[in-house]
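FYI, UniProt numbering numbers position 538 of the sequence shown as 538, with every residue one higher than the one before it.
Even glycine gets a Cβ: it sits at the ideal position worked out from N, Cα and C.
Scroll down for the structure; my scribbles are underneath it.
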Amino acid sequence: MVYRSIRHWIPSLLLLPLTGMMLVNSLGQDSVSAQINNPLPSFPRGPSQPDTPAPAPSPLPPPDQILPPSAPSPLPGENFPSNIPGTIRVKRFDYEGNTAFSDVELDRVTQQYTNRPISFAELLEARTAVTQLYVNNGYVTSGAYIPPQAIENGVVKIQIVEGSLEQINVKVEGKLTPSYVRDRIAVASGPPLNVNRLLEALQLLQLNPIIKRISAELSAGTRPGTSILDVNVAIADTFTPEAIFDNGRNPRVGSERRGIQLSDTNLIGFGDNIQAWYLNTEGTDDVDAAYTIPVNPYNGAVRLEYRNVTAKVIEQPFDQFDITSDYQKFLLSFRQPILQTPQQEIAVGLGFDHQKTQTRLFGVGFPTRGTNNRGRTNISTLRFFQEATQRNEQEVLAARSEFSVGVDIFDTTEPFDQAVNRFAPGRDYFIWRGQGQWVRLLAPDTLFVIRSDIQLASNPLVSIEQFSLGGLGNVVGYRQNYLLTDNGYFGSVEVRLPIYRARQPDNILQIVPFATVGGGWNIREAPNPTPGTIASIGLGLQWQYSDYISARIDWGIKLVPIRLEGHTLQDNGIVFSFIFRPF
1 MVYRSIRHWI
11 PSLLLLPLTG
21 MMLVNSLGQD
31 SVSAQINNPL
41 PSFPRGPSQP
51 DTPAPAPSPL
61 PPPDQILPPS
71 APSPLPGENF
81 PSNIPGTIRV
91 KRFDYEGNTA
101 FSDVELDRVT
111 QQYTNRPISF
121 AELLEARTAV
131 TQLYVNNGYV
141 TSGAYIPPQA
151 IENGVVKIQI
161 VEGSLEQINV
171 KVEGKLTPSY
181 VRDRIAVASG
191 PPLNVNRLLE
201 ALQLLQLNPI
211 IKRISAELSA
221 GTRPGTSILD
231 VNVAIADTFT
241 PEAIFDNGRN
251 PRVGSERRGI
261 QLSDTNLIGF
271 GDNIQAWYLN
281 TEGTDDVDAA
291 YTIPVNPYNG
301 AVRLEYRNVT
311 AKVIEQPFDQ
321 FDITSDYQKF
331 LLSFRQPILQ
341 TPQQEIAVGL
351 GFDHQKTQTR
361 LFGVGFPTRG
371 TNNRGRTNIS
381 TLRFFQEATQ
391 RNEQEVLAAR
401 SEFSVGVDIF
411 DTTEPFDQAV
421 NRFAPGRDYF
431 IWRGQGQWVR
441 LLAPDTLFVI
451 RSDIQLASNP
461 LVSIEQFSLG
471 GLGNVVGYRQ
481 NYLLTDNGYF
491 GSVEVRLPIY
501 RARQPDNILQ
511 IVPFATVGGG
521 WNIREAPNPT
531 PGTIASIGLG
541 LQWQYSDYIS
551 ARIDWGIKLV
561 PIRLEGHTLQ
571 DNGIVFSFIF
581 RPF
């Protein structure tokens, strides 16, 4: 472990003029920069203990409350001559106006009326069979009729009128542009109009956190086959302040972290989302701001983010060396769902970020692992990610894959010792990271949760891109970021068992037995940490009080013994997280 080896270097600090550089190299980058930016937070997100999605989404109202059944639009009248023979022989039917179904599909429902004498009533049954095919598949405003015609050579034409929306009227109670709702309904409305897809679009809007309530009503339009949709939307309160307190930092920079987060998921009425955080410990100040705006009716969104962190080592005896570090991150990304239903989502995205760090000893920039000769590291990364979520009333399965490529743009830096150190991390690298989570509802308020995380890299990495293990939301029982390696894996399993619940308001207390394991290794025969694998078992207590309070405390027992580095709560296997939302 790097921290242990530092203790052996401290006597040399008094003897060798260059030992300060060695100290920062081993301590500054791995203990300061790494604490600044814990690379890719544990799935699914969050500065502290990640939230676990519930198996069931927010309960949806019954479909007939969102979109009541409506009568089909009237079709053109059918005028038949008075001299229709008692029976006719139909060789085939010709169809006009059909796009939802092919002629072959329509032939399957009318073939029983061909190549035999049929009565006039049976001829109408053939037309009705076509209409019923549309209705059974959700095209309830579509229908078929037999237009006036001269039947020649046993060929009968069936005219199909496929339903469409003539107009979408949206009434909004609150701050949201009507086009936000109208555009998302329009892309699911055909033509031809399918009420199943329309209902699904309305359900997706109901699941949107910015919408409190939505209802719709279909009525006949001014032309045959057309309908008018009237939609009423009530907007939820989208502003959420949070107060945060946890011990999610490494003790070298102060483990107790407090701060605030402000978010508004509908800032100016376009469904745009803004988030701002301020978190600090005794040795760090962390400011983060992000803005996300939808750019198409398929919920594609662009995200901009900026983060700035300053950190200082405060733990004895290293505090006497005045080791500090600065970190900045600029991010631009685009995320596009390619499949969305109330139960499933698949999305892809592309992102670019530029990260800058500098480590100092006694106020002077010093070269450290992965930095140039002034202690600076500038890296640029292109990321391609894929996300999938599948859920029902009993379980949710979520997965995320991300490919990251280091690119040489925007003044990226080269390691000062790259010419002589083949283990030096550079600006060219390829990383794959995969994350997953499975949550199963065993009984009311009883959850079984499995999480996994893996990273594989092609080249040695700077610490802000390395895989971290230990601490809050990770391998509990070890310090935050106890292991930092190029490659790594993590897995955890826990069961949340209710011991107290009250429904007015929602108030639940759960005990959480858990087990965690993780390991890591480096690239190109670079020295590996010892131990390379850590594991723990433990017990947690989790409290959820309505939407106002989320709290959890875990005690982890180390299964792989290590030499204690201090006497903080983390060193004794205790981590906690407390979030308060006043409204």
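Neighbourhood of residue i by C-beta distance below 6 Å, restricted to the same chain and skipping five residues each side
i	result
G154	R89, V90 and K91
V156	V90 and F93
R257	D246, G248, R249, L279 and T281
S404	T381, R383 and I431
Q386	V348 and S401
I574	W555
N507	Y545
G436	A399 and S452
A551	W543 and F578
V517	G491 and A535
S255	N247, R249, T568 and Q570
V109	A129 and L133
Status (buried if at least 16 other CB within 10 Å, exposed otherwise) for residue i
i	result
S102	exposed
G519	buried
K356	buried
P39	Since pLDDT at P39 reaches only 32, below the 50 mark, its modelled position is unreliable, and the value read off the structure follows with that caveat. By the 10 Å Cβ count, P39 comes out buried.
F120	exposed
F583	exposed
P460	buried
T371	buried
A150	exposed
L202	buried
T238	buried
N487	buried
I260	exposed
D286	buried
Residue i to residue j span [Cα, whole Å]
i	j	result
Y306	K329	6 Å
residue 592	T446	Within the shown structure, residues of the chain are numbered from 1 to 583, placing residue 592 beyond reach of any answer.
V512	A399	23 Å
F410	F362	28 Å
D30	L339	Reliability of the predicted coordinates at D30 is poor, the pLDDT of 46 falling under 50, and the value obtained from them is presented with this limitation in mind. Roughly 40 Å separates the two Cα atoms.
L204	V181	11 Å
S189	S179	15 Å
T568	Q542	21 Å
R479	V253	12 Å
S388	E395	Looking at the sequence itself, residue 388 is Ala, so the reference to Ser does not match. A388 and E395: Cα-Cα distance of roughly 14 Å.
Q296	V187	First, the residue type needs correcting, since residue 296 is Asn and not Gln in the sequence shown. Their Cα atoms are separated by approximately 10 Å.
S48	A443	Confidence at S48 is low in this model, with a pLDDT of 37, below 50, so its placement is unreliable and the value that follows should be read with caution. Whole-angstrom Cα-Cα distance: 27 Å.
Q111	P117	13 Å
G492	F576	The identity of residue 492 in the sequence shown is Ser, whereas the question assumes Gly. Between S492 and F576, the C-alpha separation is close to 17 Å.
E242	R223	52 Å
Q566	F580	Note that residue 566 is Gly in the sequence shown here, rather than Gln. Each residue's Cα considered, the two are about 30 Å apart.
T368	N481	18 Å
N528	S468	14 Å
residue 589	V233	The structure shown does not extend to residue 589, since the chain is modelled only from 1 through 583, so no value can be given for it.
Best match in the options for proximity to residue i [C-alpha to C-alpha]
i	options	result
T412	N296, T377, A502 and I168	T377
D571	T381, N208 and G470	G470
residue 594	W543, G143 and R563	With the chain represented from 1 up to 583, any question about residue 594 goes unanswered, as that position is not in the structure.
R433	R197, R252, N373 and E465	E465
Q167	L218, N137 and R360	L218
residue 591	D486, V233, S546 and G163	The chain is shown from 1 up to 583; residue 591 falls before or after that span and cannot be answered.
V407	I214, D428, E414 and I228	D428
F490	I499, I185 and G532	G532
F321	S215, Q336, A289 and R360	R360
Q316	I66, N299, P251 and Y548	P251
T530	I549, I562 and D107	I562
N137	P527, F576, V195 and I549	V195
N208	R184, Q390, F580 and L67	R184
A289	G283, G86, L304 and V231	L304
Cβ shell of residue i (< 8 Å), same chain only, five flanking positions each side left out
i	result
E152	none
Y327	S33, I36, N37, R307, N308, V309, T310, A311, Q355, K356, T357 and I464
N169	I228, L229, D230 and V231
Same chain only: Cβ atoms within 7 Å of residue i, ignoring 5 sequence neighbours per side
i	result
K175	I235, N266 and G269
L497	T446, Q510 and I511
Q418	A424 and G426
G477	S536, G538, G556, I557, K558 and G573
Which parts of the UniProt domain "POTRA" (88-163) are runs of the alpha helix (DSSP H), unbroken and 4 residues or longer, counting only runs that do not cross its ends? Given a length threshold of 4 residues, each whole run of the alpha helix (DSSP H) inside the UniProt domain "POTRA" (88-163) is given here in chain order: 103-110 and 120-136.
With a floor of 4 residues, list each alpha helix (DSSP H) that falls wholly inside the stretch 151-226, ordered by position along the chain. 178-186 and 195-207
Complete beta strand (DSSP E) runs within the stretch 488-524 (minimum length 3 residues, chain order): 506-521
Uninterrupted beta strand (DSSP E) stretches inside the stretch 358-425 (no shorter than 3 residues): 376-391 and 395-407
Curious, which full-length beta strand (DSSP E) runs of at least 3 residues does the stretch 266-314 contain? 273-280, 284-294 and 301-312
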